[in-house]
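With the sequence shown counted from 1, adding 72 to any position gets you this note's numbering.
We put the beta carbon where it would ideally sit given N, CA and C, even for glycine.
Bear in mind the structure is a predicted one, so any value in this text is a computation, not a measurement.
This report concerns only the one structure given below.
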Amino acid sequence: MTSTQAAITSLEASQRNQGAILQDLQTQVGILARQNTTRALGTLPATTVPNPRDPHQHQQLDAIFTRSGKTISVDPVPARQE
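Next up, the structure:
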């Protein structure tokens, strides 16, 4: 077998391999597309966990500490009546 024939055989094998890889990628994209369209609009794909803090409990900020260590006091703001 000449070097040209060996190169052609190698290229043909490489082309077949790339064709198989392309077919696998098309299958994977199709699966992802189906998964994306089967979920109802406006819903999340996983179960969410609610915030464990009580929504009626308001935390207050008493002071701010900067990186340099300077303290900035904050005047308390009355909580909103809901």
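Secondary structure of T115, DSSP reduced to three states: Looking at T115 - three-state DSSP - the assignment turns out to be coil, as it is neither helix nor strand.
CA-to-CA distance, E84 to D96, given in whole angstroms: If you draw a straight line from the Cα of D96 to the Cα of E84, it comes to about 19 Å.
Inter-residue Cα distance where the pair is A79 and Q100: Near 32 Å, if we compare the C-alpha coordinates of Q100 and A79.
Pairwise C-alpha distance: T119 and R139: Straight-line Cα distance between these residues: approximately 38 Å.
Backbone CA spacing between M73 and S82 [nearest angstrom]: Between the C-alpha atoms of M73 and S82 there is a straight-line separation of about 12 Å.
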